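Some notes on the structure that comes next.
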Amino acid sequence: MHSLGIAFDLLTGSPIVFYSIVGLIWGIIGGSLPGISASITMALLLPFTYGMAPVQAIVMLACTYIGAEYGGSIPAILIRTPGTNSAAATVIDGYEMKRQGRAGEALGISLWSGVIGSLFGLLMLIMMTEPLSWVALAFKPTSYFALGILGLSVIASMTNGSLLKGLAAAVVGLMISTVGTDPISGVTRFTFGSPELLGGVEPVLIMIGVFAVSELMVQSGSRDLGGVNEQVRVRLPSLDMMNRLKRSQFIGCLLGTFEGLTPGGGGSIAAFLSYNEAKRWSQEPAKFGKGSEEGVAAPETANNTVASTALIPLLSFGIPSSNSTAVLLGGLLIHGLLPGPRLFEQNADVVVGLYLGSFIATLAQIIVGILLLPVCVWLVNRPRAYLAGFILALILSGIFTLNTSFFDLGIALAMGLVGYLMRRAGYPFLPLILGVVLGHMVESSYRRSLLLSGGDHMIFLEDPIAVGLLLASTLFVTLSLFREFRDARQARLKDAHA
Amino acid sequence: MRDQSAPKDLAGGITVLAIAALYYWATAGIAESTLSDEVGAGGLPRILAITLAGLGLVLTLRAIRAGALVPAGKPEAEPTDDDEPRATLPRALGFLAFGAAYVALVPVIGYLPGVALLIGAVALYEGAPPNWRTVAIAIGGAVLYWAIFVRLLGVRQPTGWFF
């Protein structure tokens, strides 16, 4: 009842509907631009949320995430290029439907499935987040330290490529988080006499640099992807079609929930898994790859479910499971909001606002999605050369609004170069971002634990939660190492036979 | 047989080692405080530096074992990894230089001309034709951003000598 009261107050006394719709529109537009993923779309918005009330900022970011998941399917269907990574599976049947002159139908199925996925994901989010967050009440500083280590090691081991590279990226992230004033003694570290570094490096600068600036650098010199020369209108599925899509949407909901809860899972894996399972359980499996409606519905339901369920580990424990949720965590921290049970007690308006805003955005998605399609098609048709200039100007304008500091612009550009070099060398981003975001928690919990024990590291083995979490970290790292050794051995054997 | 990514991994491993060494060297500049705890302000940074050095060492040795130092016999195929940047390093650095030039110039020329120059220069660099349309788009874009940020949202943007 208390939550309903807060929801009513928010609906009547705050512009939450406005912020939900603006976030949704921004998300659909950003997601529809090839190369601009959901996390980049959110990172571009992050600087502008500084001056907002916390509830408005978080609602806007969460609704951007929801919008971007649908937006990503627009170029996937129209020009065979996914706007976001998680829309990659939609290309298979979505583009095939477009070739058959059924682009409007494919977009309608994507939109409808997105709404189903978002509603299911939201239900899971509401049901699971608060009970899980109460587990965190039993946490001591030792447990928080172990939780930070678990988050870093799981993300490092789950990211594509080498575990060692993921771990190295995470350690570099932790190193960046140590810049500034020491949280315990107040001593300055790694500031090199620069007053701008006294408060540390803001995670938002790292996120914008690594995600957005490096993406523009990577795409520099790319050719245009080809345009859409026909008039396209969204055609929502008929009742009969909705009935036929139920099975694949159910699969998408289940796998989207599972992947959203899994650190490192994310929308892309959920979408491809759902596509495969929908094909396996379909009455028309032969139609997959040749313009199957279910082939569009399953991945789009899954990636939209993930947009909500990925918030469960974030809000419960403060552990983001994907790039987009890492950006959302950045948004929470900017406003001084710490995930966990205290968030539900002390900032219930933010949590209820997040649920309410997501619900509004999900329902509004049908109308906004239909109305916004011509804008998205127009944007998809713009020459990339002009878009690159506009996006770089937006990034630099946005960063300047944070602290009106040229130093911040320099840091974001430098992090863009770091992001580009990391891509070249095959190092994943997410562990670095997580290291920066979780660094403060890891260090302060570690040092507080040792303050309590008088410097005795055995304190970490006296807390059963910490022991469990550290064992889980060890297990993830060991299994990942084992997998890498096995793959390398198999590759060597294959080479020897060839 | 040489792994195609081995030279790249070797460069990455050496870079990681260099970062660890530089960071460890910088920890020497952390002052001790009477308010300090058991670990001290430099405690965790030193642990991180040593951990990173260990990871860098393993990455370097692994790259050497994969044949990073073995001369390539014949020209290798282009990498096909999706994550591999499409733009070459000079091309990407060129792009970044426009951002750096904006940071250097905007305190002098102001926000509106700065953004117009940035949009126009980046568009030309990315292959837009050098014609009046590009100029009009650059100026139009700058006016649009100025109207949104400065006039509509009222957020501060850099002011120069003239604007």
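Line order of the protein sequences matches chains G and C.
Numbered per my numbering, the first sequence finishes at 498, counting up by one with no gaps.
Numbered per my numbering, the second sequence finishes at 1163, counting up by one with no gaps.
Virtual Cβ for every residue (Gly too), placed ideally from N, Cα, C.
Note that the structure is a prediction, hence the values are computed from the model and not measured.
Looking only at its own chain, which residues have a Cβ that is under 6 angstroms from the Cβ of S20 of chain G, when we skip the five neighbours before and after it? Here residue 20 of chain G is taken as the residue at index 20 of the first sequence, counted from 1. Correct list, in chain order: V59, C63, G357, I360 and A361.
Boundaries of the alpha helix (DSSP H) in which L1152 of chain C is found, first to last residue: By 1-based counting over the second sequence, the position of residue 1152 of chain C is 152. From DSSP, L1152 of chain C is part of no alpha helix (DSSP H); its letter is neither H nor E.
Residue burial classification, L372 of chain G (beta-carbon count within 10 angstroms, cutoff 16): By 1-based counting over the first sequence, the position of residue 372 of chain G is 372. When all chains shown are included, L372 of chain G counts as buried.
Determine which residues share a DSSP beta bridge with R189 of chain G and list them. Within the first sequence, the letter at position 189 stands for residue 189 of chain G. R189 of chain G is bridged to G:G180.
Can you find a CB in chain C that lies within less than 8 angstroms of the CB of L45 of chain G? As a position in the first sequence, residue 45 of chain G is number 45, starting the count at 1. Closer than 8 angstroms: no.
Under 8 angstroms between C-beta atoms of S248 of chain G and A298 of chain G: Locating residue 248 of chain G in the first sequence gives position 248, where the first residue counts as 1. Locating residue 298 of chain G in the first sequence gives position 298, where the first residue counts as 1. Yes; because the gap between Cβ atoms is below 8 angstroms, this pair is in contact.
Using a 10 Å radius around the Cβ and a threshold of 16 neighbouring Cβ atoms, would you call N243 of chain G buried or exposed? Taking the first sequence and counting its residues from 1, one reaches residue 243 of chain G at position 243. Looking at its Cβ environment, which holds fewer than 16 other Cβ atoms inside 10 Å, N243 of chain G is exposed.
Taking the runs of the alpha helix (DSSP H) that are 4 residues or longer, which of them lie wholly in the region 404 to 485 of chain G? Counting whole runs of 4 or more residues, the region 404 to 485 of chain G contains the alpha helix (DSSP H) stretches 406 to 425, 430 to 453 and 459 to 462.
Please name the residue in G:G439, G:D456, G:M458 and G:K494 whose C-alpha comes closest to that of L147 of chain G. Along the first sequence, one-based indexing puts residue 147 of chain G at 147. Its Cα nearest to that of L147 of chain G, the residue G:G439 stands out among G:G439, G:D456, G:M458 and G:K494.
Under 8 angstroms between C-beta atoms of G1042 of chain C and I1030 of chain C: Residue numbering aside, residue 1042 of chain C sits at position 42 when the second sequence is read from its first letter. Residue numbering aside, residue 1030 of chain C sits at position 30 when the second sequence is read from its first letter. In contact: G1042 of chain C and I1030 of chain C (Cβ atoms closer than 8 angstroms).
Close beta carbons around S133 of chain G, own chain, < 8 angstroms, minus the five adjacent residues each side: The count along the first sequence starts at 1 and reaches residue 133 of chain G at position 133. Answer for S133 of chain G: L315, S316, F317, P339, G340, P341, L343 and F344, listed in chain order.
Assuming A1087 of chain C and G426 of chain G are in contact, meaning their beta carbons sit under 8 angstroms apart, how far apart are those beta carbons, in whole angstroms? Against the second sequence, residue 1087 of chain C aligns to sequence position 87. Against the first sequence, residue 426 of chain G aligns to sequence position 426. About 16 angstroms separates the two Cβ atoms, so there is no contact after all.
Grouping DSSP H, G and I as helix and E and B as strand, with all else coil, what is V14 of chain G? For the purposes of this step, residue 14 of chain G is taken as the residue at position 14 of the first sequence. A small fix is needed here, since residue 14 of chain G is Ser in this sequence, not Val. Residue state, collapsed to three classes: coil.
Can you pull the chain G residues whose beta carbon is under 7 angstroms from the beta carbon of I1109 of chain C, in chain order? Within the second sequence, the letter at position 109 stands for residue 1109 of chain C. Neighbours of I1109 of chain C on chain G: none; closest Cβ ~14 angstroms, over 7 angstroms.
Is G221 of chain G close to chain C? Criterion is C-beta to C-beta, closer than 8 angstroms. The residue labelled residue 221 of chain G in the question sits at position 221 within the first sequence. It does; some Cβ of chain C falls within 8 angstroms.
In chain C, which residues lie less than 7 angstroms from F400 of chain G when you measure between Cβ atoms? Here the question's residue 400 of chain G lines up with position 400 in the first sequence. Chain C residues near F400 of chain G: Q1157 and P1158.
Using a Cβ-Cβ cut-off of less than 8 angstroms, list which residues of the region 58 to 84 of chain G approach chain C; keep chain order. Of all residues in the region 58 to 84 of chain G, none has a C-beta nearer than 8 angstroms to a C-beta of chain C.
Contact belief for P82 of chain G with G71 of chain G at Cβ below 8 angstroms, rounded distance in angstroms: What you label residue 82 of chain G is simply residue 82 of the first sequence in a count that begins at 1. What you label residue 71 of chain G is simply residue 71 of the first sequence in a count that begins at 1. In fact, because the Cβ distance is near 10 angstroms, the residues do not count as touching under 8 angstroms.
Coil, strand or helix - H335 of chain G by DSSP: Within the first sequence, numbered from 1, the residue matching residue 335 of chain G stands at position 335. Here H335 of chain G sits in coil by DSSP.
Cβ-based burial, Q490 of chain G [other Cβ within 10 Å; buried from 16]: Sequence index remark: in the first sequence, residue 490 of chain G carries index 490 (1-based). Exposed, because fewer than 16 other Cβ atoms sit within 10 Å of the Cβ of Q490 of chain G.
Does T1060 of chain C get closer than 8 angstroms to chain G when you measure Cβ to Cβ? Looking up residue 1060 of chain C in the second sequence gives position 60. By this cut-off, T1060 of chain C is not an interface position.
Touch test, the region 1020 to 1039 of chain C against the region 165 to 185 of chain G, Cβ-Cβ under 8 angstroms, three pairs minimum: Result yes; three or more Cβ-Cβ pairs closer than 8 angstroms.
Could you tell me which of C:A1068, C:G1114 and C:V1143 sits nearest to S1005 of chain C, measuring between CA atoms? Position 5 of the second sequence, counting from 1, holds the residue named residue 1005 of chain C. Nearest C-alpha to S1005 of chain C: C:A1068.
I'd like to know whether the C-beta atoms of L392 of chain G and V1106 of chain C end up nearer to each other than 8 angstroms. For the purposes of this step, residue 392 of chain G is identified with residue 392 of the first sequence, where counting begins at 1. For the purposes of this step, residue 1106 of chain C is identified with residue 106 of the second sequence, where counting begins at 1. At a Cβ-Cβ threshold of 8 angstroms, L392 of chain G and V1106 of chain C do not count as neighbours.
Beta-carbon gap between L152 of chain G and P431 of chain G smaller than 8 angstroms: Here residue 152 of chain G is taken as the residue at index 152 of the first sequence, counted from 1. Here residue 431 of chain G is taken as the residue at index 431 of the first sequence, counted from 1. The Cβ-Cβ distance between L152 of chain G and P431 of chain G falls below 8 angstroms.
Using a beta-carbon distance below 8 angstroms, is A297 of chain G in contact with chain C? Sequence index remark: in the first sequence, residue 297 of chain G carries index 297 (1-based). No, no contact with chain C.
Taking the straight line between their C-alpha atoms, what separation do you get for V1143 of chain C and Y1111 of chain C? The residue given as residue 1143 of chain C occupies position 143 in the second sequence. The residue given as residue 1111 of chain C occupies position 111 in the second sequence. Annotation: V1143 of chain C to Y1111 of chain C spans about 10 angstroms, alpha carbon to alpha carbon.
Among G:E462, G:A414, G:A472 and G:D495, which residue has its Cα nearest to the Cα of F1098 of chain C? As a working note, residue 1098 of chain C is residue 98 in the second sequence. The shortest Cα separation from F1098 of chain C among G:E462, G:A414, G:A472 and G:D495 belongs to G:A414.
Interface residues of chain G around I1139 of chain C at Cβ under 7 angstroms? Within the second sequence, residue 1139 of chain C is the residue found at index 139, counting from 1. Result: empty, since nearest Cβ-Cβ is about 12 angstroms, beyond 7 angstroms.
Could you give the first and the last residue of the continuous alpha helix (DSSP H) run that contains M242 of chain G? Walking along the first sequence from the start, residue 242 of chain G turns up at place 242. That run of the alpha helix (DSSP H) goes L239 to L261.
Just to confirm before moving on: does the CB-CB distance between Q100 of chain G and G389 of chain G stay below 8 angstroms? In the first sequence, the residue the question calls residue 100 of chain G occupies position 100. In the first sequence, the residue the question calls residue 389 of chain G occupies position 389. No.
Spatial neighbours of V55 of chain G within its chain, please: C-beta separation below 6 angstroms, excluding the five flanking residues on both sides. Here residue 55 of chain G refers to the residue found at position 55 of the first sequence. Taken in chain order, the residues that qualify are D349, V350 and G353.
Around the C-beta of T1080 of chain C, are 16 or more other C-beta atoms found within 10 angstroms, so that it is buried, or is it exposed? Along the second sequence, one-based indexing puts residue 1080 of chain C at 80. Annotation note: pLDDT 47 at T1080 of chain C (below 50); position unreliable, coordinate value reported separately. Only exposed fits T1080 of chain C, as fewer than 16 other CB atoms lie within 10 angstroms of its CB.
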